[in-house]
Amino acid sequence: MPRQDADFDETDLTFISNLAAIGDSYSAGIGAGDRLGNIGQALDKQSDWACSRYDHSYPYLVYGDPRFGDGYPNFQFLSCSGAVTVDVLEHQIPNLNGNQDAIMLSISGNDVELTNILNQCIYQWAVFNWEQVAVAEIASKFKDKYDWAAEYDFFPLGRGCDGQLSRTADLIASSAFSSSLDAVLSAAKAKLASGGKIYWTGYAKFFAEDLSSDCDSVTWTTWIHVSGLQSQPTQYLTSDHRRTMNSLVDQVNAQLAAAAERAGDSVIFVNYNRYVSEFGSPRDGLGAGLGWDGRARGVVLKCL
1 MPRQDADFDE TDLTFISNLA AIGDSYSAGI GAGDRLGNIG QALDKQSDWA
51 CSRYDHSYPY LVYGDPRFGD GYPNFQFLSC SGAVTVDVLE HQIPNLNGNQ
101 DAIMLSISGN DVELTNILNQ CIYQWAVFNW EQVAVAEIAS KFKDKYDWAA
151 EYDFFPLGRG CDGQLSRTAD LIASSAFSSS LDAVLSAAKA KLASGGKIYW
201 TGYAKFFAED LSSDCDSVTW TTWIHVSGLQ SQPTQYLTSD HRRTMNSLVD
251 QVNAQLAAAA ERAGDSVIFV NYNRYVSEFG SPRDGLGAGL GWDGRARGVV
301 LKCL
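Per full-length UniProt numbering, the sequence shown starts with residue 1, numbered consecutively.
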């Protein structure tokens, strides 16, 4: 039976019989602990392995909480790295059992192309200039020789950092985005038990909030660019770009919080960034002066 708010004892979660997690890599926990499943599941797109679900993801840790008592709840872990709202609507929620006491949800980052920001503004693992985009588009028409490229959209690779930041801002502000959030919540609410709750996790900002100039000359571009093979100018972690990327996360979280409010009392927005800012902010001075080969040990702490 679901709990009554007035009687809630946070040390006792035995009232939760059915627990689920749906969404993207934030709840799948990509890279956190050990990967679930095995490589034999690679062709099953919804499997643990293909979805990169990990055993230190927050839903998996919640599932193992001793406050559930001797009888752990029935747990469905359907979150899938790379998922967008359509994937949740078409592949995850339809496979979710009814009568869920608690659903943990993370979704929307891929809808507004946050991964493309990582590509264009930080790592540059796959970026083209517009001439290369044009050549790739022409080559993709020759299906007999380049059939793998026929369905690939090369245009995002040529946007550059500023172009991608602008596009993401437009996506976040669009009515289509807010409508997609409402659709996910409406479908997920239909899977709740009486008194059940959806806990919707927001996103953490890319970088520390002090936005010092210490990182303005730092680049995390990939080896392709370090080797001189870049097709766009090398991107640096400038204060302006870091400020814009952090602002975009704020904008996404504001949309998620607004959608949760529209959905009513059964949906709770969890401001994850608040906890990262409070407990996970890097200390000043860490990593200053390290070269490229030392970034992972130091500069990352200063510039995150």
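Think of the CB as a built atom: it goes at the ideal place given N, C-alpha and C, for glycine as much as any other residue.
Taking 9 Å as the cut-off, the Cβ atoms of P59 and S79 count as close.
The beta carbons of N116 and G82 sit no closer together than 9 Å.
The continuous stretches of alpha helix (DSSP H) do not include K197, which lies in the beta strand (DSSP E) extending over residues 192-201.
For G69, the closest of I172, L165, T11 by C-alpha to C-alpha distance is T11. Here G160 is not bridged, per DSSP, to any residue. Within the DSSP bridge table, the entry for Y54 names R35 as partners.
Closest by C-alpha distance to C161, out of E137, Q132, N119, is N119.
The Cβ-Cβ distance between G202 and N253 falls below 9 Å.
Under the three-state reduction of DSSP output, S212 falls in the coil class, being neither helix nor strand.
Taking L211 as the centre and dropping the five residues before and after it, the same chain places the C-beta of S239, R242, R243 closer than 7 Å to its C-beta, in chain order.
Nearest Cα to L185 within the set L19, A32, G23: G23. Within the region 42-117, the beta strand (DSSP E) runs of at least 3 residues that lie entirely inside it are, in chain order, 74-77, 100-106. Going by beta carbons, S17 and G31 fall outside the 9 Å limit. According to the DSSP assignment, A183 belongs to the alpha helix (DSSP H) that extends over 175-189. At least 9 Å separates the beta-carbon of F128 from that of L165. Rounded to the nearest whole angstrom, the C-alpha separation of F155 and D214 is 33 Å. Counting along the chain, A204 sits inside no beta strand (DSSP E), nor does DSSP assign it H or E at all.
Taking 9 Å as the cut-off, the Cβ atoms of F75 and D48 do not count as close.
Between D55 and G40, the gap from beta carbon to beta carbon reaches 9 Å or more.
Per DSSP, the beta bridge partners of A20 are Q76, I103. The alpha-carbon of W130 is positioned some 24 Å away from that of D144.
The closest CA to that of P66, considering only T14, V249, S106, D216, is found on T14. A straight-line Cα-Cα distance of about 12 Å links V135 and F142.
Ranked by Cα distance from V88, the options S108, E151, G98 are led by S108. Excluding residues up to 5 positions away in sequence, T168 lie with their Cβ nearer than 6 Å to the Cβ of L248 in the same chain. Within its own chain, the residues whose Cβ lies closer than 7 Å to the Cβ of R159, once the five positions on either side in sequence are excluded, are Q120, R167, listed in chain order. Rounded to whole angstroms, F269 and G195 show a C-alpha spacing of 16 Å. Rounded to the nearest angstrom, the gap between the Cα atoms of D44 and A257 is 33 Å.
In this chain, I30 is not harboured by any alpha helix (DSSP H), its DSSP state being neither H nor E.
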